[in-house]
Every structure is written in structure tokens, then in C-alpha cells.
Amino acid sequence: MRAFRQDMRPRLADVFRIQVISNAQIRSPILTLGSTTFSHIRNDNIYVVGVSKGNVNSALVFEFLYKLVSLGKSYFGRFDEEAVKSNFVMVYELLDEILDFGYPQNTETETLKMYITTEGVRSERAMEDSSKITMQATGALSWRRDNIKYRKNEAFVDVIEDVNLLVSASGTVLRADVNGAIEMRAYLSGTPECKFGLNDRLTLGENGADVSLGGAIGNLGGNKASKAAAGSVTLEDVSLHQCVKLSSFSNDRTISFIPPDGSFQLMTYRATENVNLPFKVQCIVNEVGKGKVEYSIAIRANYGSKLFATNVVVKIPTPLNTANTTHRTSQGKAKYEPSENAIIWKIARFTGQSEFVLSAEAELSAMTNQRTWSRPPLSMQFSLLMFTSSGLLVRYLKVFEKNNYSSVKWVRYMTRAGSYEIRF
Amino acid sequence: MAVNRLRSVLTAPRKGETYELRAGLVSQYAWERKESIQKTIMSMTLGKDVSALFPDVLKNIATPDLDQKKLVYLYLMNYAKSHPDLCILAVNTFVQDSEDPNPLVRALAIRTMGCIRVDKMVDYMEEPLRKTLKDESPYVRKTAALCVAKLFDLNPSLCIENGFLETLQEMLADSNPMVVANCVSALAEIHETAPETRALVVTSSMLKRLLLALSECTEWGRITILTALADFRPTDTKEAEHICERVSPQFQHVNPSVVLAAVKVVFLHMQYIENQQLHATYLKKMSPPLVTLVSSQPEVQYVALRNIDLLLQKQPNILEKEMRVFFCKYNDPPYLKLTKLEIMVRIASPSNADQLLAELKEYALEVDMDFVRRAVRAIGQVAIKIEESAEKAVNVLLELINTKVGYVVQEVIVVIKDIFRRYPGYEGIIPTLCQCIDDLDEPNARGSLIWIVGEYAEKISNAGEILAGFVEGFNEEFTQQTQLQILTAVVKLFLKQPDQSQGLVQKVLQAATAENDNPDIRDRAYVYWRLLSSDPQIAKNIVLSARPQITSTIPVLPGPLLDALLPNLSTLASVYQKPPQTFLGKGRSSALQAAAIEEAAENARENPIAAAAVSAAVAGSTTQQIQNNAENLLDIDFDGAAPASMQKAPLAGDSGLEGLAGTPQRVASPMSAGAATNGGGMDDLMGMFGNSNGAPPNPMNGGGGSDDLMNGFAGLSMNGGQPPPPPTQLDGSGDRKTKEDLLGLF
Chain A
1 MRAFRQDMRP
11 RLADVFRIQV
21 ISNAQIRSPI
31 LTLGSTTFSH
41 IRNDNIYVVG
51 VSKGNVNSAL
61 VFEFLYKLVS
71 LGKSYFGRFD
81 EEAVKSNFVM
91 VYELLDEILD
101 FGYPQNTETE
111 TLKMYITTEG
121 VRSERAMEDS
131 SKITMQATGA
141 LSWRRDNIKY
151 RKNEAFVDVI
161 EDVNLLVSAS
171 GTVLRADVNG
181 AIEMRAYLSG
191 TPECKFGLND
201 RLTLGENGAD
211 VSLGGAIGNL
221 GGNKASKAAA
231 GSVTLEDVSL
241 HQCVKLSSFS
251 NDRTISFIPP
261 DGSFQLMTYR
271 ATENVNLPFK
281 VQCIVNEVGK
291 GKVEYSIAIR
301 ANYGSKLFAT
311 NVVVKIPTPL
321 NTANTTHRTS
331 QGKAKYEPSE
341 NAIIWKIARF
351 TGQSEFVLSA
361 EAELSAMTNQ
371 RTWSRPPLSM
381 QFSLLMFTSS
391 GLLVRYLKVF
401 EKNNYSSVKW
411 VRYMTRAGSY
421 EIRF
Chain B
1 MAVNRLRSVL
11 TAPRKGETYE
21 LRAGLVSQYA
31 WERKESIQKT
41 IMSMTLGKDV
51 SALFPDVLKN
61 IATPDLDQKK
71 LVYLYLMNYA
81 KSHPDLCILA
91 VNTFVQDSED
101 PNPLVRALAI
111 RTMGCIRVDK
121 MVDYMEEPLR
131 KTLKDESPYV
141 RKTAALCVAK
151 LFDLNPSLCI
161 ENGFLETLQE
171 MLADSNPMVV
181 ANCVSALAEI
191 HETAPETRAL
201 VVTSSMLKRL
211 LLALSECTEW
221 GRITILTALA
231 DFRPTDTKEA
241 EHICERVSPQ
251 FQHVNPSVVL
261 AAVKVVFLHM
271 QYIENQQLHA
281 TYLKKMSPPL
291 VTLVSSQPEV
301 QYVALRNIDL
311 LLQKQPNILE
321 KEMRVFFCKY
331 NDPPYLKLTK
341 LEIMVRIASP
351 SNADQLLAEL
361 KEYALEVDMD
371 FVRRAVRAIG
381 QVAIKIEESA
391 EKAVNVLLEL
401 INTKVGYVVQ
411 EVIVVIKDIF
421 RRYPGYEGII
431 PTLCQCIDDL
441 DEPNARGSLI
451 WIVGEYAEKI
461 SNAGEILAGF
471 VEGFNEEFTQ
481 QTQLQILTAV
491 VKLFLKQPDQ
501 SQGLVQKVLQ
511 AATAENDNPD
521 IRDRAYVYWR
531 LLSSDPQIAK
541 NIVLSARPQI
551 TSTIPVLPGP
561 LLDALLPNLS
571 TLASVYQKPP
581 QTFLGKGRSS
591 ALQAAAIEEA
601 AENARENPIA
611 AAAVSAAVAG
621 STTQQIQNNA
631 ENLLDIDFDG
641 AAPASMQKAP
651 LAGDSGLEGL
661 AGTPQRVASP
671 MSAGAATNGG
681 GMDDLMGMFG
691 NSNGAPPNPM
701 NGGGGSDDLM
711 NGFAGLSMNG
721 GQPPPPPTQL
731 DGSGDRKTKE
741 DLLGLF
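So the protein lines, in turn, are chains A and B. Going letter by letter, the first sequence gives residues 1 to 424 in the UniProt record's numbering. Going letter by letter, the second sequence gives residues 1 to 746 in the UniProt record's numbering.
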């Protein structure tokens, strides 16, 4: 839509339309025609395409496209055809600001919102502001404004974990890991410096074990079991927001940073050891002859009885030629969704230590081509508060500021289903 | 009357959208003007030609309203080419704006000036650019830095004369990290387009500044700096250690492309570190972030996976223990699944082989055909790579045969043939294979089975019968591949059991020599015939000689190519796993150009009169031909909406086409006409015809010509593989498949 280089022709959009959108054969997000490369991602109903010549950095292109989408979302609420059409002037302005001659510039939402606003900045009025803005947009602290003031200084920390599980038909766990993210909402005055501590023991490879964080926890050379016993968690890898001083992190594993104002993702991490699976699923699926499939599914909650999971949705795949289903559940509601080829079982509240069962039958219509059913895995969705699959806890969050104000910190934990799949 | 009519055509219509917009643009109310500008831009975005409004939009350029200014500038950038003269009217505003007290306005002015690609504008750019490069606001400086690259693109000599390059190089010491990053971007680009300027040569003192800026600038700036660092060659091991030490914290950055760029720097600089222990440490540090990349967005993941694939070929054990992360999720897009399979096979080891085979079996039962085939092939690759797993793999394969799904069975047969070539002792399963003989319709699978029957003829009681069936339909076989296999298998059978199969061998040789018109098959048959009729012992020694054992069926890039690709990590080249020249056309066109110049010189020596015409045509055709043919395809319905680029493109395009049809030599050759109509193979076909056309009078095109012929064939075979794709499609996976298929032909 917007050409940043002279050698890009506006008609390339049509080429893309013909070659990618209306071509079902294309199975790669990257396509090179002649010497022009199209890299595309999809978001809702629009394609976002980066067009380039030369040997570009593809990772950068895709990452930038995603950044553009997330920027669009934070500006317009969502980023779809409707939003782009009704905000095209803004989109132009944004593009102009974040990309110059094909090189990405500052893409920090918070900073951009200071000078690209829906109301528009008046040149004279914003005179003194704009020099500040530009300092900000290029400065070392490009993510934080000066002179932020709050009457009440608060910081909210959300630890959100997506637990991924893959269980084979025989019940062995093929893969269980956690992708966690620590989201923070900081409403702190001035330029606060924060220090953040977790109960983690960051092992980067084998030898990393001796550079463990949180020296308070002893038992350095212990095996996995004793590590877990000592209440520490092994994180495979962490990625940190750009406000975190990476050099000090790599020296002594302290996470210290000057937070952006408002909400941001402080870090993401991965854990693969000692993953506590919130749900245990047992499923028995029998194909009775050619006309019927019988399901018997039991789900048990493995967490403490004081906790409860919400929005539990179990998706039980049925063969493509399912004509009708009957089901009984001990809790929640089940419904056959022909469009998804699945029985959807919803349980609004799933208390810890309880077990619910579903038994169902799917009647199949006769089909001419007898193709074996590929049996896609059963999948689950849920969200569970005050529980982390990895066992991660926030040990402290300290805020240092020259005004020495006291601040209130809130911590919340949540575990969600990432790709929670059980084969049968 | 006529004059009147003419006038009415010339004056703008008094109705319609354009008229209304124009009225709005000159309205006395500011809000109305602004609204009209927005509407104009909207029409422009939709692809309507609103260039007629140029003068009216231009009137609104001097405004205190920053938003409006941006819109007008946007319009200017789009249509400047079609109204170069009117652009000059805007110059004054630009120059004024570039001295505005508001840094945002200054930056906007200089940014836009760089994007207005009109020669006259260039003359006025010099002064504002010089000033803004020294601006007090870093925001303006960083914008101006990039503007130098824009100017260089337009007018390199002006850029050099004014010393802008030196200014940029000095600015690398700027206190602001973002300015530094943009300077690096600009210099790197200039350096790439014109290496002779030596614009960006990282020195040890510069290194310090870059490393300093690295930890402070934006994510994108980090990538720029990291890329520059990757190209730097450290002077000694100390320096390399220092770089790795400073760069490795970036592994923890949240942006996957930063992580990849950092991995690239460390990976390249590691080679210069002498301390082996440090080596190992960095490799270990590298693996968790690489694994984390696998949980990013699918497209980013794809790039990461392709890069991991490259890294694994260089350092096979960096991800040894991480098999499980590469397990495919049910709803991963197909391109991810296929790439993950490649990687799983690469990190397979005796300790995880069982797990992997179980997983691969699951995949082989899915529905996506490509994926299933690839999974089956992966089972074979694992079996051949890891001896301990062979038996289990064969069992899995046998289970798969029992599924009776056509394509699964065929793929299994091909894979089992490879396993036979690696390990003896699995002949017991041959009867099972022979049962599905009638279901095989793919040449590869048929060929494989026939090979097995021939190879183990003595162990198969009814080998003669089976082969007789094939010989019966020898000339109905669709492919040369199976025919050759039948031929060889029957000869093997005869050598092993001469008394029972004499009739059969006679029959097949007869069919292959007398009734077949494929020269390859006839040749092979004659060779066998003579061998057999001279001395059966010699024939035995030749036909039944032991073959070298295969050790791996996992495709590996040749060493030099791999080394060439590693500095290209995270770029397109790494995704395609091809050197950049091959898919960007640049390198190839210059090679062709060189060949063409040589050709012209040769012609000039022989025939001075024709030379002028030819050289004109050649010069026009070679470079432009390659670029433009592809490019012209992209411009299919190139119309008035973009008069800007029209000015240049047709010139080049025309000469390219004239090159094809205009000169006598080329008309004489029917091939060139064919090339012109054939839209498909474009690039490669052109490459081939371009040279062979010029050649007829003088068969001198030794090395170069044959190279290009090869190019041509590569293009042909690719297009043969996938019938309709218009221009050459460099779809990584598709292309590799054809290559693998070629490799698969024993």
C-alpha cells in the first residue's frame, strides 16, 4: 500500500492478489517472483505484506509486520479491513513514522501515541512538547516519558502461563512445557528503577546451573527433585523486554529495569521440567463397526480443591461423516458442532480435585470412499487463576525512585491452555 | 465549434469527484480544505489517478497544521514524478520547514525531500541536508542520516562530492544510539550498492562505539548493528571473544529477529576464538534461545526453523536434547510441519530414536498427503542414520503398508529400498512388499520395487513371474526410469538363474532395442546384450558387483554453499537455502552481461558492421531482459495511475523486447520467438536462449554457454514439475522436492 522505495511499483498489490491470495497452492509465507519478494502474514481478514528486493532479513520483516498489526490493534482496537479503511490517514502517518526508506524506526506504542494521536498535534501549541517528544523517540529510554505523576503508585504483575501438552494414545506424555509471560502494568511516578526476583534457577544449558539466581535457596548441586523441593524453578530460557538491562542480567541474573508507563510484557520464559499439569484426561474411543464411534472421556483436576478453573472447553473430534451424536455429561454442557467436526464440551467452573466424565456416541452416515479417520487429537482450553504450571513465583519487586515514595504491588497468577492435546 | 469542443475537453469537467475535490481544496475554510485533502489521499490509495489536482493540493502545503502537512507531503511523494516542474514550487516550503523550530517538522521536511525523486529537487537538497545532519535534535539527525542513503540512490556523485559519506561516518560517534543505528543502515546500504565507496568498513575503534550503541538502541537498531558486526572480521581472538561476550546478552531479547541476528554474530565470530571451551559454552548458550524461537509466530518460526536447519548442518549437536519442541502440532501450517520434520531427522540420535519413530508414525497416519509422504521418508532417514533403530523403523513401515493407503504404501516401498541398500538381513519382508505390487503407480515406487525384486531374485521364489508381468507391459510403462529398472532387474535375474529366465531376458532385450525409441533405453539394452553374449562371468562382475553402502539419505548442503549461507543467516537466502544471487537475478544478470559483452566483442572482430546493431541489442537485452521480463510481468496492467515510473521503465522494457525481435539474427531464430511467447520459464529460458541465439555464427561460447544451458535446463525441469505457475517460482519447498526427486533416482 505504501511504497518506500522507488523500485516498488504500486501495481505489485495486484500481483500479490493473483499470486498469493487467489492461489490455493501457495504453502509458504514467502514468495519470490523475479527479484521481488513478498512476505505476508494474515490478520483477521487482511493480509499484511512486506515487499522487498534483495536479500532482506526475513525474520525482521515478519517481526515488523506483526509489530505493525499489534500497533494497529492498540490504536484502533483491532486491525482488520474496517479499521484500516476508516483510519487510513492514521495508518499512513504511523507507517511514515515507523518505517523510513524501508528501515524500521521506533515502534514503541507508548512513544508513538505521544505524537501521533487521533486528535492531531498542532504545530505551534506542541512546539516545546515536540522537542521533548523527539528526544524521547530517539533517546536511550525511548519507552518512557518524563514527568509521569501518579497520586497512588501501583504496579500490577501478572504471571500468565500457557501450558502445552501432548499425550500419546497410550497415555505417555510426549511433550509438556510451559510458555510463560510476565505482564506488568506500571503506574509509577518519575523514573523508577525496578528490581525483580523470581524463585527461578536459570539454567542455560548444563553449566549454567552454577550461575543460579536467588542465592537464598541453597542446595546448588542438587538433582531435579531436590531443586523442586527447595522451591525453585528451572527456566530453560527467558526473553526480556528491551527496558531490561541485558548486560546486568547476563552478569548476575538480576532483572533490573526502568519500566515503560502502562502495560507491557516484561519477560517471557520457557520451562520444561517439573511441569504440573492441571488436568489429567483419560479418553477411550472405540470405533464400533463402520457406523458408530463411542467416546468415554474422564477429566480430573489435579490442582488444590480451593482453586477452580473457568471457561473449560473440551473439543472432541468426530469423524467427518458424523450424522448425529448423543452425549451424557456429569457436569457442563456438550454440543455437537458440525462445522468443526467436533463435540464441544463446556464446563464453566471446574473445582480442584474433582473429576467429570462425558460419554458420547457418534453415529456415522455411510460414505462411499472408505477412508480411515485420521483421529485428530482432543484439545482443551481453560484458564486457572492463582496457579502456575511451572511453579514459578514472584519473590520480590522492588521500586527505587529518587523521591522515595512507597508503592503498592499486586501479583496475580494464571495458567491457560496453550496447545493442550491428547491423542486417542 | 471545433475550438469550443477542444476547450471543453481541456477545461476540467464541472462535475464529478475531481471537480468537487478541487473545489474543496481551494475552499476558504481550513477544515474544508483539510477534509478534501484527506479525500484526495483516499482516492489515491484506492488507485484512482488524482494527479490532476496537483497544483491545488500544492497550494495547501504551507500550513501550521502538522497532520495536513503530512498529507500534502504524502501526495507530493506519490505524484512528484508526474509533475516534476510543479514540484519546484514546493521547494521553498521544504527549505523553510527544514529550519522550522519544531524538530518534528524539520524531520518531516527532510524525510519527504528525500522521497521526492525529481532531479531538480536534488539540487536543493544539499543545503537542508547538510544542516539537518548537524541538527541539535537526534530525531532530525537520525532522519537526515537515512536521507543520505536516499540521495545516494538518486545521485551518487553529488552525495560523494558533498562529503556526506564522511559526515555519516563521523556520525557513527554520535551520542544517540538511534542516530548511530540509522547511520549504520545508510552506510551499509551505500556500501552494498557501491562497494567501491567503502562506506562501511568496521574498524576496531568503530567497533567499540557500535557495541556501546547496541545495548541502548531500539530493537530494529540492534538488528542493524548486529548485521554490521556480523560482517566484521575480528583482528584477533581477543576481539572475537569481546564481541561474543557483548553480543550474547542479546539472546535474551524479546524480539526473535534480534535473537537471530545475535546468534548469527556469535556463530560467525566463534570461529575466530581459539579457546575451545569458550566455543562449547557459546554453543550451549545458543540453544535455549533457538528453541524459544520455535514458540514465536508461525512465519517467524518458519524463518527460525530454516535457520536452525542450517546451523544444525554446521553444528549437528547444538539441539541434541530438544527433540520434543520440534514435534508438530496438529494445526501448525503445512510449511512449518515439513520444516520441523527436516530438523527432527537431523537431531535424531540413538537416545531419542524410539520416541521419534513413534511420533513419525503418528504423522504418517494424518491426512495431508505431502506431510505424510515426508514423514514416511523421515522414518527411512532415521533408520539409515541410526543403526539401532533400523529394526523398529522397518516394523513401523510394515504397519504402514497395512494401512493400504495408496501414497503411503508407495512411499514406504521407496524408503524400504534405501534401507535394503544400507542394511542386509531384512529380506524376510519382501513377500509383504510384493503383495502390493499392483497398487504402485508412481515411477519411483515401481522402480524401487523392481529393483528389490532384481536385487534379491535368488531369495524370491516367484521373482521370474513378477518380472515377467512387468516385461509383458514393458513398452506401456510410462517412464524411462521404470523401464530401465525392469531391464536391469531382468538381467540380474538371468545372471542369477540363467536356466529359468533365458526366454525372459531375450524378450526384454528385444522389446528394449527393437520396439523402443528411447535412445537411453536402447543403449542400455545393447550394452547388456553385448555383455551377456560375450562372457557371462564378466557380465556378472559388472552387473552384480557390490554397491557402495549408502550412509545417509538426509540431504546435506555442500560445504562451500553452507559456508556461504551462514553469513546470510536470517535473510531470505537462509530461508531458501540458496546463495542470494540465484534468486535475486542480480548476480546472474551480471554474469550474463559479461558473457554478452564478450560476445559483442567477438562479433565486432568478425563482422564490424553488424556489431553495432548486435551490441545495442545485447546491451539492451541482457541486463534489462532478465530483470525486466520478470519485472514486466509484475507490471501487467501498468497504467496511468503510475506515470512516475513509466518514464523509465518503457525505455528499458522496449529495448529488451527489441533485443528479442528487432535484430536480424534474433528473428532468424525461431527459438527466440518461442521464448517471447512462453511466459513461464522466463528468467531461465531467457538465459539459455539469449546466449545460444547469439552463438550460431561462431560456436565460441565454450564455458559460459554451457553453464547457461545448464541454467536453462534447471529452469525447464522445475517448470515441468509444476505445470502452470507463471513466472519462476522460487518456492523453497517445491524446488527442493524436485531436487530430492532427482537425487532419489539412485
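Backbone N, C-alpha and C define an ideal beta-carbon position, used for all residues, glycine too.
Exercise for the section: Assess, as a yes-or-no matter, whether the segment 188-202 of chain A is touched by the segment 383-401 of chain A under the definition of 3 or more beta carbon pairs within less than 8 Å. Expected result: yes
Exercise for the section: Taking only beta-carbon positions, decide if VAL56(A) is within less than 8 Å of chain B. Expected result: yes
Problem - Spatial distance of ILE37(B) from VAL91(A) (CA atoms) - result: 15 Å
Practice task
Give a yes or no on whether the minimum CB-CB distance between LEU76(B) and chain A is below 8 Å.
Solution key: no
Exercise for the section: Indicate the three-state DSSP secondary structure (helix, strand or coil) for LYS306(A) in the structure shown. Expected result: coil
Handout entry: Partner residues on chain A for ARG111(B), Cβ-Cβ distance less than 7 Å
Key = ASP100
Handout entry: Per-residue DSSP class, three states only, for GLU366(B)
Key = coil
Problem - 8 Å Cβ cutoff met for VAL288(A) and ILE299(A) - result: no
Handout entry: Beta-carbon proximity of LEU398(B) to PHE371(B), cut-off 8 Å
Key = no
Problem - At least three beta-carbon pairs within less than 8 Å, the segment 348-360 of chain A to the segment 415-422 of chain A - result: no
Exercise for the section: Compare the C-beta of TYR363(B) against all C-beta atoms of chain A and say whether one is closer than 8 Å. Expected result: no
Exercise for the section: Give the residues of chain A in contact with HIS191(B), contact being defined as C-beta atoms less than 7 Å apart. Expected result: The premise fails here: HIS191(B) is roughly 13 Å from chain A at the closest Cβ pair, so nothing lies under 7 Å.
Practice task
Look at the alpha carbon of LYS39(B) and the alpha carbon of LEU21(B), and state the distance between them as a whole number of angstroms.
Solution key: 7 Å
Handout entry: Exposed unless 16 or more other CB atoms sit within 10 angstroms - verdict on LYS81(B)
Key = buried
Handout entry: Beta carbon proximity, MET42(B) to chain A, threshold 8 Å
Key = yes
Exercise for the section: Please list the partners that HIS241(A) has in chain B, where partner means a Cβ-to-Cβ separation under 8 Å. Expected result: VAL254
Handout entry: Residues that ASN60(B) contacts on chain A, provided the C-beta gap is smaller than 7 Å
Key = Chain A residues near ASN60(B): none, gap ~14 Å exceeds 7 Å.
Problem - Residues of its chain near residue 751(B), where Cβ-Cβ distance is below 8 Å and the 5 sequence neighbours each way are ignored - result: As displayed, chain B neither begins before 1 nor continues past 746, which places residue 751(B) out of reach and without an answer.
Exercise for the section: Using a Cβ cut-off of 8 Å (strictly closer), state whether ASN92(B) contacts chain A. Expected result: no
Exercise for the section: Out of PHE101(A), LYS333(A), PRO338(A), state which residue places its alpha-carbon closest to the alpha-carbon of LYS346(A). Expected result: LYS333(A)
Practice task
Could I get the ranges of all uninterrupted beta strand (DSSP E) runs contained in the segment 39-123 of chain B, with 3 residues as the minimum, in chain order?
Solution key: none
Handout entry: Three-pair Cβ contact test at 8 Å for the segment 258-273 of chain A versus the segment 231-240 of chain A
Key = yes
Problem - Straight-line gap, THR281(B) to MET270(B) (C-alpha atoms, nearest Å) - result: 10 Å
Exercise for the section: Run down chain A in chain order and give the residues with a C-beta less than 8 Å from the C-beta of VAL291(B). Expected result: GLU236, ASP237, ARG270
Handout entry: the segment 38-52 of chain A / the segment 553-563 of chain B touching (three or more Cβ pairs under 8 Å)
Key = no
Exercise for the section: Check the DSSP bridge columns for ARG42(A) and list the partner residues they point to. Expected result: TYR47(A)
Exercise for the section: Closer than 8 Å by beta-carbon distance: list the chain B residues that pair up with PHE249(A), in chain order. Expected result: PRO249, GLN252
Problem - Within chain A, partners of LYS150(B) - CB distance below 7 Å - result: PHE101
Exercise for the section: Run the CB neighbour count on residue 813(B), radius 10 Å, all protein chains shown included, and call it buried at 16 or more, exposed below. Expected result: Given a span of 1 to 746 for chain B in the structure shown, any question on residue 813(B) remains unanswerable.
Problem - Option in GLY380(B), ARG209(B), LEU336(B) with minimal Cα separation from LEU356(B) - result: GLY380(B)
Handout entry: In DSSP terms, what CYS283(A) is bridged to
Key = ILE297(A)
Exercise for the section: Output the distance between the C-alpha atoms of ASN147(A) and PRO260(A), rounded to the nearest integer angstrom. Expected result: 12 Å
Handout entry: Extent of the continuous beta strand (DSSP E) to which TRP410(A) belongs
Key = 408-422
Handout entry: Separation of ARG175(A) from VAL325(B), as counted between CA atoms
Key = 7 Å
Problem - Between the CA atoms of ILE343(A) and PHE478(B) - distance to the nearest angstrom - result: 47 Å
Exercise for the section: Mind the definition here: the segment 566-579 of chain B touches the segment 259-277 of chain B only if three or more C-beta pairs lie below 8 Å; say whether that holds. Expected result: yes
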